[in-house]
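Undergrad: Got a structure here, written out as structure tokens. Questions coming.
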Ligand code: 5AD
Ligand code: SF4
């Protein structure tokens with residue numbers, strides 16, 4: 004979501020005649036688009052602002068903007084701590100950015116941290132970092148109250164876009180050469196709950212949206228993030244299986260494998276139900292890759308709870324897990340829990356979890372050695388050659404050069420925990436973009 008918003012910020016500035024620079028010292032405008040999900044983001048913001056201060060002294064024309072979730076959360080405190088910040092623009096106020104910059108020049112420091120979204124950020128121009136891929140926001144905000152999570156406090160309640168709006172944006176993207184879209188919502192299952200289908204009393208459903216986006220010509224890959232295991236429904240599995248462009252990958256956040264901790268987190272599914280969803284999904288969509296998010300060290304988590312997480316991870320056999328050490332966020336319920344765990348215990352559990360998941364990720368990738376995959380080339384690889392991505396969202400490195408945006412059929416030759424090695428099939432196995 005932050006990348007999506009950053010592309011809008013860059014798009015607005017570009018539409019105003021600015022050009023990107025890699026050198027902050029010569030910039031007229033510097034924007035820090037912030038994240039508030041864990042505490043280290045806070046520390047980084049104030050560290051970065053400290054580094055910018057001497058640059059601004061040397062270049063008085065520089066205007067510094069703080070945008071995003073920390074802007075929404077810290078509001079006036081940012082300019083109190085760093086009075087050299089010109090503009091603070093919250094999550095609901097992005098469309099005001101250029102106005103705020105102009106006013107800052109005339110009147111001094113500005114702040115807009117309004118509480119509700121009036122203009123969906125998708126309506127703003129975008130400067131995309133990859134011409135073949137686009138983030139498409141289908142809903143902003145979240146109506147859940149997971150006790151560890153700051154998102155509802157800084158992004159507000161869920162606000163969905165109509166299916167027609169989303170499809171119109173995807174059509175325009177396809178016409179501009181985009182072949183892959185990632186649909187974004189904090190909880191895609193509840194997409195549409197705040198809307199009604201035109202001329203009916205029905206609410207639109209995420210599965211319908213998937214089918215509608217799938218029918219857009221020129222879009223070869225559709226991804227989405229994230230469903231919540233609580234409101235997940237079989238119609239989404241059916242739509243995933245039926246839609247040719249919907250990729251064989253699901254990000255399905257587990258958070259904890261302990262039912263007691265899931266209760267404390269106010270995550271209303273339990274590990275048994277989670278695992279049975281995985282079985283259904285894997286049964287319906289052969290070869291699907293499953294990734295997840297896991298928090299270690301939630302307040303009150305015991306060694307036994309943590310072993311529960313290790314047990315579910317063993318059974319779930321995720322392709323990849325994003326693992327996080329619990330971080331107390333101001334305003335959330337869990338931050339006031341009396342039993343916050345010492346850093347050493349959290350670190351030790353975290354390392355055990357990472358070690359287990361690295362082994363499983365490697366084993367999952369080894370199962371693919373010898374198989375044929377479709378790669379969408381993204382650009383130069385870190386290891387020479389090029390980097391592509393499978394439909395299952397795995398990064399693969401190819402030794403031969405291909406242009407970005409090309410589809411290549413390749414054979415998997417080696418496996419690593421976080422990527423694959425592959426070779427293009429002879430003759431150059433380009434697959435036409437499916438329409
Ligand atoms: N501490 C640690 N991890 C968190 N996440 C959300 N809030 C916190 C927190 N307070 C993780 C969750 C979520 C992912 C985006 O970030 O796992 O799914
Ligand atoms: Fe946060 Fe829970 Fe909403 Fe996800 S579903 S954004 S974890 S409150």
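Numbering (my numbering), first residue to last: 4 to 438. Even for Gly, the Cβ is constructed at its ideal location relative to N, Cα and C.
Can you tell me which of 380, 374, 304 puts its alpha carbon nearest to the alpha carbon of residue 345?
TA: The residue given as residue 345 occupies position 342 in the chain shown. Answer by Cα proximity: 304.
Undergrad: Can you tell me whether DSSP reads residue 67 as helix, strand or coil?
TA: Counting from 1 along the chain shown, the entry for residue 67 is found at position 64. Residue state, collapsed to three classes: strand.
Undergrad: Using 8 Å as the cut-off, classify the Cβ of residue 41 as near or not near the heavy atoms of ligand 1, replying yes or no.
TA: Residue numbering aside, residue 41 sits at position 38 when the chain shown is read from its first letter. The answer is yes for residue 41.
Undergrad: For ligand 1, any of its heavy atoms closer than 8 Å to the Cβ of residue 353?
TA: In the chain shown, residue 353 corresponds to position 350, counting from 1. No, Cβ of residue 353 sits at least 8 Å from all heavy atoms of ligand 1.
Undergrad: How is residue 325 classed by DSSP in three states: helix, strand or coil?
TA: Sequence index remark: in the chain shown, residue 325 carries index 322 (1-based). Of the three classes helix, strand and coil, the one that applies to residue 325 here is strand, per DSSP.
Undergrad: Report, in whole angstroms, the separation of the C-beta atoms of residue 252 and residue 292, which I expect to be a contact under 8 Å.
TA: Along the chain shown, one-based indexing puts residue 252 at 249. Along the chain shown, one-based indexing puts residue 292 at 289. Between residue 292 and residue 252 the Cβ distance is about 5 Å, and since that is below 8 Å, they are a contact.
Undergrad: Using the DSSP secondary-structure output, state which residues sit across from residue 295 in a beta bridge.
TA: Taking the chain shown and counting its residues from 1, one reaches residue 295 at position 292. Beta-bridge pairing links residue 295 to 324.
Undergrad: When you compare only the Cα positions, how much space is there between residue 143 and residue 120?
TA: If you number the chain shown from 1, residue 143 lands on position 140. If you number the chain shown from 1, residue 120 lands on position 117. About 9 Å.
Undergrad: Could you please go through the chain and list the residues whose beta-carbon is closer than 5 Å to any non-hydrogen atom of ligand 2?
TA: The filter returns 145, 147, 149, 152, 154, 189, 190, in chain order.
Undergrad: Pick out whichever of 321, 145, 393, 311 has its Cα sitting closest to the Cα of residue 223.
TA: The sequence position of residue 223 within the chain shown is 220, counting from 1. Comparing Cα positions, the closest option is 393.
Undergrad: Pair every Cβ in the segment 101-116 with every Cβ in the segment 126-139, then say whether three or more of these pairs are closer than 8 Å.
TA: These segments do not touch.
Undergrad: So, at 8 Å on beta carbons, what are the nonlocal neighbours of residue 428 in its own chain, with the 5 sequence-adjacent residues on each side left out?
TA: Taking the first residue of the chain shown as position 1, residue 428 is located at position 425. Correct list, in chain order: 375, 412, 413, 414.
Undergrad: Three-state secondary structure (DSSP) at residue 15?
TA: Taking the chain shown and counting its residues from 1, one reaches residue 15 at position 12. Residue 15: helix per DSSP, three-state reduction.
Undergrad: Decide if residue 175 is buried, meaning its Cβ has at least 16 other Cβ atoms within 10 Å, or exposed.
TA: By one-based count along the chain shown, residue 175 stands at place 172. With fewer than 16 other Cβ atoms within 10 Å, it is exposed.
Undergrad: Would you kindly work out how many angstroms separate the C-alpha atoms of residue 258 and residue 299, rounded to a whole number?
TA: Looking up residue 258 in the chain shown gives position 255. Looking up residue 299 in the chain shown gives position 296. C-alpha separation (whole angstroms): 8 Å.
Undergrad: Give me the Cα-Cα distance between residue 100 and residue 68, rounded to the nearest whole angstrom.
TA: The count along the chain shown starts at 1 and reaches residue 100 at position 97. The count along the chain shown starts at 1 and reaches residue 68 at position 65. The alpha-carbon atoms of residue 100 and residue 68 are separated by roughly 9 Å.
Undergrad: What did DSSP end up calling residue 264 once you bin it into helix, strand or coil?
TA: Your numbering for residue 264 matches position 261 in the chain shown. In the structure shown, residue 264 sits in a helix (DSSP, three-state: H, G or I).
Undergrad: Can you find the residues in the same chain that come closer than 7 Å, C-beta to C-beta, to residue 268, ignoring five residues on each side of it along the sequence?
TA: Translated into positions along the chain shown, residue 268 becomes position 265. Closer than 7 Å at the Cβ level, and outside the excluded window around residue 268, lie 149, 150, 151, 258, 259, 301.
Undergrad: Our contact map puts residue 399 next to residue 365 with C-beta atoms below 8 Å; I'd like the distance itself, whole angstroms only.
TA: Locating residue 399 in the chain shown gives position 396, where the first residue counts as 1. Locating residue 365 in the chain shown gives position 362, where the first residue counts as 1. Not really, about 15 Å apart at Cβ, beyond 8 Å.
Undergrad: Out of 105, 72, 134, which has the shortest C-alpha to C-alpha gap to residue 118?
TA: Here residue 118 refers to the residue found at position 115 of the chain shown. Of 105, 72, 134, the residue nearest in Cα terms is 72.
Undergrad: At a cut-off of 8 Å, would you count residue 330 as near ligand 1, judging by its Cβ distance to the nearest heavy atom?
TA: The residue labelled residue 330 in the question sits at position 327 within the chain shown. Yes, since a heavy atom of ligand 1 falls inside the 8 Å radius drawn around the Cβ of residue 330.
Undergrad: Is residue 335 closer than 9 Å to residue 353 when the C-beta atoms are compared?
TA: Taking the first residue of the chain shown as 1, we reach residue 353 at position 350. Taking the first residue of the chain shown as 1, we reach residue 335 at position 332. It is not a contact, given that the beta carbons lie outside the stated cut-off.
Undergrad: Should residue 204 be counted as a contact of ligand 1 given a C-beta to heavy atom distance under 8 Å?
TA: Numbered from 1 along the chain shown, position 201 holds the residue referred to as residue 204. Outside the cutoff, so no.
Undergrad: Beta-carbon separation of residue 161 and residue 199 under 9 Å?
TA: What you label residue 161 is simply residue 158 of the chain shown in a count that begins at 1. What you label residue 199 is simply residue 196 of the chain shown in a count that begins at 1. Result no, Cβ atoms of residue 161 and residue 199 do not sit closer than 9 Å.
Undergrad: Below 8 Å on the Cβ atoms is my contact criterion, and I expect residue 229 with residue 256 to pass it. Report the Cβ-Cβ distance as a whole number of Å.
TA: Here residue 229 is taken as the residue at index 226 of the chain shown, counted from 1. Here residue 256 is taken as the residue at index 253 of the chain shown, counted from 1. At roughly 6 Å, the Cβ-Cβ gap stays under 8 Å, so residue 229 and residue 256 are in contact.
Undergrad: I want to check one thing, is the minimum distance from the CB of residue 256 to the heavy atoms of ligand 1 below 8 Å?
TA: Working through the chain shown from its first residue, we reach residue 256 at position 253. Within the cutoff, so yes.
Undergrad: Measuring only from the beta carbon, is residue 229 closer than 8 Å to any heavy atom that is part of ligand 1?
TA: Translated into positions along the chain shown, residue 229 becomes position 226. Yes, the Cβ of residue 229 comes within 8 Å of a heavy atom of ligand 1.
Undergrad: CB-CB under 6 Å to residue 93, same chain, minus the five flanking residues each way: which ones, in chain order?
TA: As a working mapping, residue 93 is identified with position 90 in the chain shown. These residues qualify, in order along the chain: 74, 75, 116.
Undergrad: Confirm the yes/no value for this check: CB of residue 327, any heavy atom of ligand 1, distance under 8 Å.
TA: Position 324 of the chain shown holds residue 327. Checking every heavy atom of ligand 1 against the Cβ of residue 327, one is found closer than 8 Å.
Undergrad: Is DSSP giving residue 87 helix, strand or coil here?
TA: Your numbering for residue 87 matches position 84 in the chain shown. It is coil, neither helix nor strand.
Undergrad: Run through the DSSP bridge pairs and tell me what residue 258 is partnered with.
TA: Working through the chain shown from its first residue, we reach residue 258 at position 255. According to DSSP, which records beta bridges pairwise, residue 258 is partnered with 297.
Undergrad: For residue 7, which of helix, strand or coil comes out of DSSP?
TA: For this step, residue 7 is matched to residue 4 along the chain shown. In this structure, residue 7 counts as helix in the three-state DSSP scheme.
Undergrad: Taking the alpha-carbon positions, what's the residue 363 to residue 294 distance?
TA: Indexing the chain shown from 1 puts residue 363 at position 360. Indexing the chain shown from 1 puts residue 294 at position 291. Taking the straight line joining both Cα atoms gives about 12 Å.
Undergrad: Is DSSP giving residue 93 helix, strand or coil here?
TA: Stepping through the chain shown from its first residue, residue 93 is reached at position 90. Reduced to three states, the DSSP call for residue 93 is coil.
Undergrad: Determine the direct distance from the alpha carbon of residue 19 to that of residue 154, and round the result to whole angstroms.
TA: Taking the first residue of the chain shown as position 1, residue 154 is located at position 151. Taking the first residue of the chain shown as position 1, residue 19 is located at position 16. About 30 Å.
Undergrad: Is it the case that the Cβ atoms of residue 395 and residue 246 are separated by a distance below 9 Å?
TA: The residue given as residue 395 occupies position 392 in the chain shown. The residue given as residue 246 occupies position 243 in the chain shown. In this structure, residue 246 does not lie closer than 9 Å to residue 395 by Cβ.
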